[in-house]
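Protein chains in written order, with this note's numbering: chain W, 1 to 340; chain X, 1001 to 1225.
Glycine is no exception: its CB is placed at the ideal position from the N, C-alpha and C atoms.
The structure displayed is predicted, hence computed values, not measured ones.
Structure first, commentary second.
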């Protein structure tokens, strides 16, 4: 068949499929029913025409034009579903705690890296108060002191709702930023995550130890006990996700390092989804509950303990009873199809 | 085409998708544009919301946080892999299999941006991207994504010569492409250089003026008269 004939005969078909592709490429564009069902078979015919044109040495202009349509068609036909938003609830109820349990070796390591240096620092400062200045510059230390000084009560009931919203914004941007960095730097063979975990642990221990020496225990611990449950756990989990990236590079097993990293990241990023949600909750508690000083300390400790119980109970038990779903939702992404 | 950076990706239908990975130069320009846009938005947010006192500052902090971390994710997921800066430079992010990037990989590659930036000015990312054929920075390696050039939109070709001449039947597709490329680029070449190049083909073409012959063949290929 001559090229001219070929073009004349099939031009209308190409135009139809081009219109379909353009429709699918629009953000809101959708093909309905019949049209959508016919897209796959039309696309395969297009691939066939492209191969024919190439094989018969038709002019490169035609081959390239068909080739361009094939690329665009491929992208629409095989585009991955974006299941995150739809499956959000099931992820929160079951997927995330299951994933945490499945990856618990990393979680335990990260928890140890956060709390053990913190505890050691705390004890060291009770014994040698000046050690606080190895972690924090003096101005920072006196700032912590004034924040939690019972005489000042700046965090107290005097704080109005406007300041609460301002602090909420600050906690969101600061804490989630810290956890993102803790996670991301894990790709440097885990070193970054270890650094951030240990450093945050040390800082936490230093501040707690110093304020205990200063006798501000009540203001400090009633403030942190509530949101600490969500915040510290979330930081530990983001560190664990970072350690997973690092470990996948250090010990790839039978895979290439590249492939090993790719597979580990697919799981690690899902831990980060959960961390984001936990940190938003933590920021909310920190801004609107922790700063509230109307209540007695025992009430704050009670609620704080209750929140810790919720976090631990959630991660340990949630999603155990549900059957029929795998714990690793990594395979969810792979079912490809055109949007319908 | 051995020197080309073009990669071919085989699809289930047996078609070969040509993808051209984008190097760090063009990506840095795209990133600079995005930074400027983000900077502009941040300034506007703070100017407007600072009028609202503490409440406004809180909201502004949340918005700038979202802008810092989720600006690229938002555009990559909803605009088929193009942030405004990338769109401007004619590049886009795709998954390894050539499909538009999805939420998970996009979030991952943008979180890992902080590591690629280390120790300064994306040095880690640049070194990483020079170590593999797809110019992937660490974030791309982990997320299984790559940045490619968009196919330029088809232009109306004009070779400044009238008439058609049949293309010899034994020219392969790549050889035809070379003829077409010559005709397209001839407006950037001096007349002497054109005839110098075209004369190489004289034994095959056997025509009086090889430059015109090639352009007429190009006319045939694109269907112009």
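* Taking only beta-carbon atoms, is residue 269/W less than 8 Å away from chain X? -> Locating residue 269/W in the first chain gives position 269, where the first residue counts as 1. By this cut-off, residue 269/W is an interface position.
* Asked: If we ignore side chains and look at the alpha-carbon of each, how far apart do residue 8/W and residue 1060/X end up?
  -> Locating residue 8/W in the first chain gives position 8, counting from the first residue. Locating residue 1060/X in the second chain gives position 60, counting from the first residue. Straight-line Cα distance between these residues: approximately 59 Å.
* To do: In the DSSP assignment, find the alpha helix (DSSP H) that holds residue 1072/X and state where it starts and stops.
  => Position 72 of the second chain, counting from 1, holds the residue named residue 1072/X. Counting along the chain, residue 1072/X sits inside the alpha helix (DSSP H) bounded by residues 1053-1078.
* Alpha-carbon spacing of residue 1166/X relative to residue 1209/X, whole angstroms -> Locating residue 1166/X in the second chain gives position 166, where the first residue counts as 1. Locating residue 1209/X in the second chain gives position 209, where the first residue counts as 1. Straight-line Cα distance between these residues: approximately 15 Å.
* residue 181/W and residue 196/W: beta carbons closer than 8 Å? -> For the purposes of this step, residue 181/W is taken as the residue at position 181 of the first chain. For the purposes of this step, residue 196/W is taken as the residue at position 196 of the first chain. A contact, by the Cβ cut-off of 8 Å.
* **Opening and closing residue of the beta strand (DSSP E) in which residue 1010/X lies** => The residue given as residue 1010/X occupies position 10 in the second chain. 1007-1010 is the span of the beta strand (DSSP E), which, as asked, contains residue 1010/X.
* **residue 59/W (DSSP reduced to helix, strand or coil)** => Locating residue 59/W in the first chain gives position 59, counting from the first residue. Residue 59/W: coil per DSSP, three-state reduction.
* With DSSP run on the structure shown, which of helix, strand or coil describes residue 80/W? -> Within the first chain, the letter at position 80 stands for residue 80/W. Residue 80/W: strand per DSSP, three-state reduction.
* Would you decide whether residue 341/W is buried or exposed? Buried here means 16 or more other CB atoms lie within 10 Å of its CB. => Here chain W has residues from 1 to 340 only, and residue 341/W is not among them.
* To do: Could you pull out every unbroken alpha helix (DSSP H) segment of at least 4 residues lying fully inside the region 251-285 of chain W, listed in chain order?
  => DSSP runs (the alpha helix (DSSP H)) wholly in the region 251-285 of chain W: 257-285.
* **Inter-stretch contact (C-beta, 8 Å, three-pair minimum) for the region 165-178 of chain W and the region 280-287 of chain W** => yes
* To do: Identify, in the order they occur along the chain, each residue of the same chain with its Cβ nearer than 8 Å to the Cβ of residue 1124/X, setting aside the five sequence neighbours on each side.
  => Position 124 of the second chain, counted from the first residue, corresponds to residue 1124/X. So the list reads 1115, 1116, 1117, 1118, 1137 and 1138, once near-sequence residues are dropped.
* CB contact below 8 Å: residue 256/W versus chain X -> On the first chain, residue 256/W is found 256 positions in, with the first residue counted as 1. No, its Cβ sits nowhere closer than 8 Å to a Cβ of chain X.
* residue 1221/X: contacting residues in chain W (beta-carbon distance under 7 Å) -> Taking the first residue of the second chain as position 1, residue 1221/X is located at position 221. Near residue 1221/X (Cβ distances below 7 Å), the residues of chain W are 59, 60 and 61.
* Asked: Can you list, in chain order, the stretches of the beta strand (DSSP E) that have 3 or more residues and sit fully within the region 1112-1186 of chain X?
  -> 1145-1149
* Asked: Rounded to the nearest angstrom, how far is the Cβ of residue 87/W from that of residue 267/W, given a contact under 8 Å?
  -> Walking along the first chain from the start, residue 87/W turns up at place 87. Walking along the first chain from the start, residue 267/W turns up at place 267. Between residue 267/W and residue 87/W the Cβ distance is about 16 Å, and since that is not below 8 Å, they are no contact.
* Secondary structure at residue 98/W, three-state DSSP: helix, strand or coil? -> Walking along the first chain from the start, residue 98/W turns up at place 98. In this structure, residue 98/W counts as helix in the three-state DSSP scheme.
* Asked: Within the 8 Å Cβ cut-off, does residue 194/W reach chain X?
  -> Here residue 194/W refers to the residue found at position 194 when the first chain is read from its first residue. Output row for residue 194/W: interface = no.
* Asked: Would a C-beta distance cut-off of 8 Å place residue 1015/X and residue 70/W closer than the cut-off?
  -> The residue given as residue 1015/X occupies position 15 in the second chain. The residue given as residue 70/W occupies position 70 in the first chain. Yes; because the gap between Cβ atoms is below 8 Å, this pair is in contact.
* **Own chain residues within Cβ distance below 8 Å of residue 1052/X, not counting five before or after** => Your numbering for residue 1052/X matches position 52 in the second chain. Only 1059 meet the Cβ criterion.
* To do: Starting from residue 1018/X, trace the beta strand (DSSP E) both ways and give me its first and last residue.
  => Here the question's residue 1018/X lines up with position 18 in the second chain. Its beta strand (DSSP E) spans residues 1016-1019.
* To do: Answer yes if the region 201-213 of chain W comes into contact with the region 239-258 of chain W, meaning at least three C-beta pairs across the two stretches below 8 Å, and no otherwise.
  => no
* At 8 Å on the CB atoms, spell out the chain W contacts of residue 1061/X, in chain order. => As a working mapping, residue 1061/X is identified with position 61 in the second chain. Correct list: 166, 169, 170, 172 and 173.
* **For residue 1110/X and residue 1223/X, the rounded distance between their alpha carbons** => Residue 1223/X sits at position 223 when you count from the first residue of the second chain. Residue 1110/X sits at position 110 when you count from the first residue of the second chain. For residue 1223/X and residue 1110/X, the distance between alpha carbons rounds to 45 Å.
* Sorted by chain position, which residues of the same chain lie with C-beta nearer than 6 Å to residue 156/W's C-beta, five sequence neighbours on each side aside? -> Mapped onto the first chain, residue 156/W falls at position 156. Residue placement at residue 156/W is flagged as unreliable, the pLDDT there being 48, under the threshold of 50; a coordinate-derived value is accordingly withheld.
* Below 8 Å on the Cβ atoms is my guess for residue 243/W versus residue 186/W; work out the distance and round it to an integer in Å. => Walking along the first chain from the start, residue 243/W turns up at place 243. Walking along the first chain from the start, residue 186/W turns up at place 186. About 6 Å separates the two Cβ atoms, so the contact holds.
* To do: Please list the partners that residue 1065/X has in chain W, where partner means a Cβ-to-Cβ separation under 8 Å.
  => Residue 1065/X sits at position 65 when you count from the first residue of the second chain. Result: 169, 172, 173, 176 and 177.
* **chain X contact residues for residue 162/W, given Cβ-Cβ distances below 7 Å** => If you number the first chain from 1, residue 162/W lands on position 162. Correct list: 1053, 1054 and 1055.
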